[in-house]
Every structure is written in C-alpha cells, then in structure tokens.
Amino acid sequence: MTPDLPSLTLAEAAALIAAKKLSPVDLTLGYLDRIRRYDGYINSYLLVTEELALQQAHKAEREITAGHYRGPMHGIPYALKDNIETAGIVTTAHSKVLRGNIPTADAVVADRLKLAGGVLLGKLACLEFAHASPTPDQLWPPARNPWKTTHGFTGGSSTGSAAAVAASLALCAVGTDTGGSVRNPAALCGIAGLMPTYGRVSRRGVIPYSFSLDHVGALAWTARDCALMLQAIAGFDAEDPGSAEVPTPDFAAALHGDLKGVRVAWVRHWYEKDTVADDDIRSAMKETATTLRTLGATIEEVTMLPLEDYHHCKLIISVAEFYAVHEVEFASRYAEYGADLKTKTFQGAFVSAADYIQAQRQRRKLAQDITRRLAPYDVLLTAANFRPAPRIDAARDSATFFRHPNITAIFNVTGNPAISVCNGFNSGGLPLACQIAGKPFDETTLLRVAHAYEQATGWHKRRPALAEAQAA
Amino acid sequence: LPSWFYSFSFVDMTSKDDGSPAASSLAEVRAAAKALALPFTEAEIAKIAGAVASLRVSAERVRLDLQLTQEPAFGFRHPSALGHKR
Numbered sequence: 001m002t003p004d005l006p007s008l009t010l011a012e013a014a015a016l017i018a019a020k021k022l023s024p025v026d027l028t029l030g031y032l033d034r035i036r037r038y039d040g041y042i043n044s045y046l047l048v049t050e051e052l053a054l055q056q057a058h059k060a061e062r063e064i065t066a067g068h069y070r071g072p073m074h075g076i077p078y079a080l081k082d083n084i085e086t087a088g089i090v091t092t093a094h095s096k097v098l099r100g101n102i103p104t105a106d107a108v109v110a111d112r113l114k115l116a117g118g119v120l121l122g123k124l125a126c127l128e129f130a131h132a133s134p135t136p137d138q139l140w141p142p143a144r145n146p147w148k149t150t151h152g153f154t155g156g157s158s159t160g161s162a163a164a165v166a167a168s169l170a171l172c173a174v175g176t177d178t179g180g181s182v183r184n185p186a187a188l189c190g191i192a193g194l195m196p197t198y199g200r201v202s203r204r205g206v207i208p209y210s211f212s213l214d215h216v217g218a219l220a221w222t223a224r225d226c227a228l229m230l231q232a233i234a235g236f237d238a239e240d241p242g243s244a245e246v247p248t249p250d251f252a253a254a255l256h257g258d259l260k261g262v263r264v265a266w267v268r269h270w271y272e273k274d275t276v277a278d279d280d281i282r283s284a285m286k287e288t289a290t291t292l293r294t295l296g297a298t299i300e301e302v303t304m305l306p307l308e309d310y311h312h313c314k315l316i317i318s319v320a321e322f323y324a325v326h327e328v329e330f331a332s333r334y335a336e337y338g339a340d341l342k343t344k345t346f347q348g349a350f351v352s353a354a355d356y357i358q359a360q361r362q363r364r365k366l367a368q369d370i371t372r373r374l375a376p377y378d379v380l381l382t383a384a385n386f387r388p389a390p391r392i393d394a395a396r397d398s399a400t401f402f403r404h405p406n407i408t409a410i411f412n413v414t415g416n417p418a419i420s421v422c423n424g425f426n427s428g429g430l431p432l433a434c435q436i437a438g439k440p441f442d443e444t445t446l447l448r449v450a451h452a453y454e455q456a457t458g459w460h461k462r463r464p465a466l467a468e469a470q471a472a
Numbered sequence: 473l474p475s476w477f478y479s480f481s482f483v484d485m486t487s488k489d490d491g492s493p494a495a496s497s498l499a500e501v502r503a504a505a506k507a508l509a510l511p512f513t514e515a516e517i518a519k520i521a522g523a524v525a526s527l528r529v530s531a532e533r534v535r536l537d538l539q540l541t542q543e544p545a546f547g548f549r550h551p552s553a554l555g556h557k558r
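Just so you know, the protein sequences line up as chains A and B, in that order. Going left to right, the first sequence walks through residues 1 to 472 as the working numbering numbers them. Going left to right, the second sequence walks through residues 473 to 558 as the working numbering numbers them.
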C-alpha cells in the first residue's frame, strides 16, 4: 500500500516503514513516477539517479524485512542540492564550470545519509555556485515555485531542494545556507527549512561559497521531519575546521506538549522598522506570536542591533571568501561562468585583507551581543523574509547585490541555529513564513517551538495544486 | 526595481543617489579587469564598480567601535589540534 505522496511527511513515512506497512521500493517508485510527471514543470532535478535509488530502496527493504531497521531515514527517498559531492555521480553546483565533474568521494552529509539507509533520488538545482541569479546562459533552467509554476521564483540558493519537497518530488532534501539559502526558499515554498548551528553538520565535500558562513541544512514539510534529518547528518568531523565537537542530542525527543515555560524574544523592528515587510507578513507574524502565547509561551518584544550591522559584516566576509574560492578558475575559465556570477565574483577582488579581518572582528562582537541579549530567553521569533515569492523573470538583474539586508543572514553571521516555518498564505495563495532562532547548539528548543506551532495551526498541511502541470 | 527585489539577496547596489558608481571605482575595476584579461563590457564594469563602492561603505561600517585591544575574531589552529589526518 502506497499512501498519498503529497500529503505524506517524512515522520509518517518512517513510522510506516518501521512498522513494515510501507515498502521503500513502492515509495521510491511513487516518487520516481511523480518526478517523471511533474518535474518538467518544476525543474527541480538536474539529475535523477533512478537506478541507484531503486538499488538502495531494494537494499533497505531487504534489511528491514530481515529485522535490521537503521532508523527514521531508512528507506526514505531524499535528494541533495547539487553543490554536495556524491561519489561517482556528477556534481556541478549548477555551473558549466563543473560540467562533467564526478567526485571520487561522498560529502560527509551524503555519506551519513547513505549510512542511515536513505534512498538518493537525485541531485537538485540551485543557484550557480549557490550565489548567482538565474540567467539564460546557464545549463539548466531555474527551479520553479510549485505554488506558482507559471512564473514563481523559489528564492535561493537551495532552489531545487525547496521546490522538490514542496512539489512532493522527494520526501526531504538537503540544502546549504550561507545567508539564508535553506530558510529563504523553504519560506517561499511553504515548507520548513532548518539551518543548524555553525559546526553542527560537517561541510566537508560541500562545494564552498563562504567558508566561515556556510551551513548544511534540512528542508522538509515539518519541524519534526527536519529533526529526523538532522539526527542523521549531525556530528563532529575532525576534517572540517568549523566542525564542533559537541554531543548530538535526540532532536525529536522534545517534540511534544505545549510551550509552558518557554520564553520567546520577539524581534519586530527587523521587519517592521529596519526594513518594512509586506502587510501580510507583518499580520501573520502578529498571529504567530498570539498562537505561541496561547500555547503557553511568554512573549516579550526585544530590541536587537539593527539589521544593517549584520548585513555589512556578512557582505564583506561572503564576497571576499567567494572570490578566494574562485580566484584561480575565474581567471582561467571566465567564459564558463554565468553572466550574473561573473560580475558577482569579481567584486570580491576589491575587498582588502584588512576589510575582511575587521569584518571578522566585528562579527565576534555581533555574536557576543546576540548571546547577551538572548540570554534571558529560550528562542527568538522574527520574520523569515519581507515579501512572498517574486516572479522568476524579475529575479535577473543581480550583477550587484546585497545593498539591503536580508533577515536570514543575521544567523549566518552569529552562527545561531534557525528554522523557517510556514505561518500562513497571502491573498494570492503564496506561502508566508516566520523564523525561529535558538541558542548555539540548542536546536532542540527551536524545533520544539516550531513543532508546537505547526500542530496548533496546521499550515504545514497545505499542498500546492500543481494545477498547470496537472492540466497538461 | 520592484519592492520585492529587496526581500532577499538579489538587490541593486549603487554608490550614489543617482545610481551611478564613483569614477574612482570605475577606473579601478576597469584597470583590474584589463590586468587579468577579463573581457567585461563597460556595462558590466559599471555594475561591478557600483557594487565595489557599496562594499567600501560596508567596509567602513564594520570598523565601527573596534578597539586596538580587542583580539581578532579568529586565528590559526594547527591541523593536528583539529584531528586532521591528511
């Protein structure tokens, strides 16, 4: 028996598989069928690894039947953003520069999911090297937002990761987040997107954007699903210099009950004053705070440093580090870079060593400041973006970027964990989202708050109609 | 640019109120592109120069309130201390 795939969550599938009521092979075949039927409209996959997926699904089924259940990712069809290396499988970061690049080893996150028994459906679209806007000179078209497949953009840079989950072309996906690249597309596509604490998940084998800001994160329908994914991918890696040697808790253990005793710092000025978000978003945020209060949480409005302080710091660091990564190839393989990435990359050549070091010094102060201000609270609540999904054809002119802050990069600068979860829909049917951030290495609490919110509201149960695709 | 443009990463970045980059940035970018034999068009050079001018604003801002006695935010750690095998 294969359940209705669009309404299925990772946690539900895992429970059915563990109870031997759902076959990983049937589940995988179901997703492969959906990919064939719908991905021509969504463009979320760069490569579908059908043969491998079926091998892994059969193996999982044999193991589970024999009583060797590995855990909640066992037999679960998932997909990886294409900047995550996979042994023997082309990994391009959505760029001509890496066309035909076949890594010899898996990234740590890919390896961990393999060990957990996951079923790899394929490699997912992203922005070129997780940085550039879609341009017509790229090898693949941009992923489309399943809530508006005709022209809706997914946000970036984990475009395919968010689109594939939202279109139910995978149960969950892995993305990377340097300034919001997991949380922003998750927010625009109506799913949950978790960026764990800096150091929680190894980046070894992930094609870097910005060494000191990059995180690996999880995208799925719910906070619980993200917790199950994090359980599989978290852990110390001595070969990632940013990796932290900290215990890995049971992230899903606290996902129950109300929020009595939970103290929430509600930061409104970032989206009401520093940058003014759409009315729909501000209204949804008020309702979110009310819901959390109803669940028993204490909500206090808190003032943090202005959004711009984080923005300037993040900008200098990311631009400089990106250029450092690409300096050699950019000079020798200029023609293979996309039009947008050409101009974005070269900006980094004009950041001085002193600029970069001062930004890193300032960053420490910003991290210390948020730690101090957040100390009396358990989590921080704010918006996940300022607008719902834009038109895809308008997301082009980005040769210059980042003059204005975004609201997700704050936590890349400070390293705190954060999750975006759906908190409503605008009148056009596009998803809205809030962001819940936590203290370093306390993903458990923010997941608990996000889970309780989801259970109270049910926004996570809505699914896109894929009307255009179905009509075709 | 439409207002949604400012909701995430893809935003305009120009150096002056009229949207044009500073002349010094233009000349600097043009010279650097020439030195590296990168065939940017003049329009692309103007975009990059606008961005560079804004980066300079950011570079000034990150220096605010930094004191001589404050330690750098990061430093070298020997690979063996991290358990590197390679």
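For glycine and all other residues, C-beta sits at the position ideal for the given N, C-alpha and C.
**Asked** Considering residue 391 of chain A, what are the terminal residues of the alpha helix (DSSP H) in which it resides?
**Response** Per DSSP, residue 391 of chain A belongs to no alpha helix (DSSP H) and is neither H nor E.
**Item:** Beta-carbon neighbours of residue 343 of chain A, restricted to chain B and to distances below 8 angstroms
**Value:** 512, 516, 519, 520, 523
**Message:** I need the DSSP call for residue 451 of chain A, collapsed to helix, strand or coil.
**Reply:** helix
**Request:** Determine whether the Cβ of residue 527 of chain B lies closer than 9 angstroms to any Cβ atom of chain A.
**Result:** yes
**Prompt:** Hey, is residue 311 of chain A's beta-carbon within less than 9 angstroms of any beta-carbon in chain B?
**Reply:** yes
**Asked** Secondary structure at residue 215 of chain A, three-state DSSP: helix, strand or coil?
**Response** strand
**Request:** Would you please verify whether the beta carbon of residue 42 of chain A is less than 9 angstroms from any beta carbon of chain B?
**Result:** no
**Item:** Sub-9 angstroms separation of residue 477 of chain A and residue 199 of chain A beta-carbons
**Value:** Residue 477 of chain A is absent from the structure shown; chain A starts at 1 and stops at 472.
**Asked** What are the start and end residues of each continuous beta strand (DSSP E) run of 3 or more residues lying completely inside the region 214-267 of chain A, in chain order?
**Response** 215-220, 263-266
**Message:** If I measure Cβ to Cβ from residue 177 of chain A and keep anything under 6 angstroms in the same chain, skipping five residues before and after, which residues do I get?
**Reply:** 195, 215, 217
**Item:** 6 angstroms Cβ shell around residue 16 of chain A - same chain, five flanking residues per side excluded
**Value:** 22
**Request:** Just the C-alpha distance for residue 99 of chain A and residue 85 of chain A, rounded to the nearest angstrom, thanks.
**Result:** 13 angstroms
**Asked** For residue 435 of chain A, which of helix, strand or coil comes out of DSSP?
**Response** strand
**Prompt:** Helix or strand or just coil, what does DSSP make of residue 25 of chain A?
**Reply:** helix
**Message:** Under 8 angstroms, with one C-beta from each stretch per pair, do the region 383-394 of chain A and the region 245-261 of chain A reach the 3-pair mark?
**Reply:** no
**Prompt:** Which of the residues in the region 532-546 of chain B, read from start to end, lie with their CB under 9 angstroms from any CB of chain A?
**Reply:** 532, 533, 534, 535, 536, 537, 538, 542, 543, 544, 545, 546
**Asked** Cβ atoms of residue 157 of chain A and residue 136 of chain A: under 9 angstroms apart, would you say?
**Response** no
**Asked** In angstroms, rounded to a whole number, what distance separates the CA positions of residue 11 of chain A and residue 349 of chain A?
**Response** 46 angstroms
**Prompt:** If we cut at 9 angstroms on Cβ distances, does residue 508 of chain B have a partner in chain A?
**Reply:** yes
**Request:** Pull up the distance between the alpha-carbon of residue 460 of chain A and that of residue 162 of chain A, whole angstroms please.
**Result:** 14 angstroms
**Request:** Give me the Cα-Cα distance between residue 457 of chain A and residue 281 of chain A, rounded to the nearest whole angstrom.
**Result:** 16 angstroms
**Request:** Mind checking the region 325-355 of chain A against chain B and listing, in chain order, the residues whose C-beta falls within less than 9 angstroms of any C-beta there?
**Result:** 330, 331, 334, 335, 339, 340, 342, 343, 344, 346, 347, 348, 349, 350, 351, 352, 354, 355
**Message:** Could you tell me the alpha carbon to alpha carbon distance between residue 358 of chain A and residue 68 of chain A, rounded to whole angstroms?
**Reply:** 52 angstroms
**Prompt:** Cβ of residue 400 of chain A less than 9 angstroms from any chain B Cβ?
**Reply:** With a pLDDT of only 43 at residue 400 of chain A, under 50, the local geometry of the prediction cannot be trusted, and the value read off the model is given with reservation. Taking Cβ atoms only, chain B reaches closer than 9 angstroms to residue 400 of chain A, which makes this a yes.
**Prompt:** Interface residues of chain A around residue 496 of chain B at Cβ under 8 angstroms?
**Reply:** Simply none; closest approach about 11 angstroms.
**Request:** Just tell me which of A:248, A:211, A:226 has its CA closest to the CA of residue 182 of chain A.
**Result:** A:226
**Message:** Could you check whether the Cβ of residue 437 of chain A sits closer than 9 angstroms to any Cβ belonging to chain B?
**Reply:** no
**Prompt:** When you compare each of A:362, A:27, A:284, A:197 to residue 439 of chain A by their alpha carbons, which one comes out closest?
**Reply:** A:197
**Request:** Ignoring anything shorter than 3 residues or poking outside the region 36-69 of chain A, list the beta strand (DSSP E) runs there in chain order.
**Result:** 45-48
**Request:** Quick one: measure Cβ to Cβ for residue 116 of chain A and residue 73 of chain A, integer angstroms, because I've assumed they're closer than 8 angstroms.
**Result:** 4 angstroms
**Message:** Counting only C-beta atoms, is residue 502 of chain B closer than 9 angstroms to chain A at any point?
**Reply:** no
**Asked** For residue 329 of chain A, which residues from the same chain have a beta carbon less than 7 angstroms from its beta carbon, with the 5 sequence-adjacent residues on both sides left out?
**Response** 97
**Asked** In chain B, which residues lie less than 7 angstroms from residue 527 of chain A when you measure between Cβ atoms?
**Response** Absent from the model: residue 527 of chain A. The displayed extent of chain A is 1 to 472, so no value can be given.
**Message:** Taking 8 angstroms as the cut-off, does the region 295-307 of chain A touch the region 106-116 of chain A (at least 3 CB pairs, one atom from each stretch)?
**Reply:** no
**Item:** Residues sharing a beta bridge with residue 175 of chain A, DSSP
**Value:** A:217
**Asked** Where DSSP assigns a beta bridge to residue 84 of chain A, which residues make up the other side?
**Response** A:206
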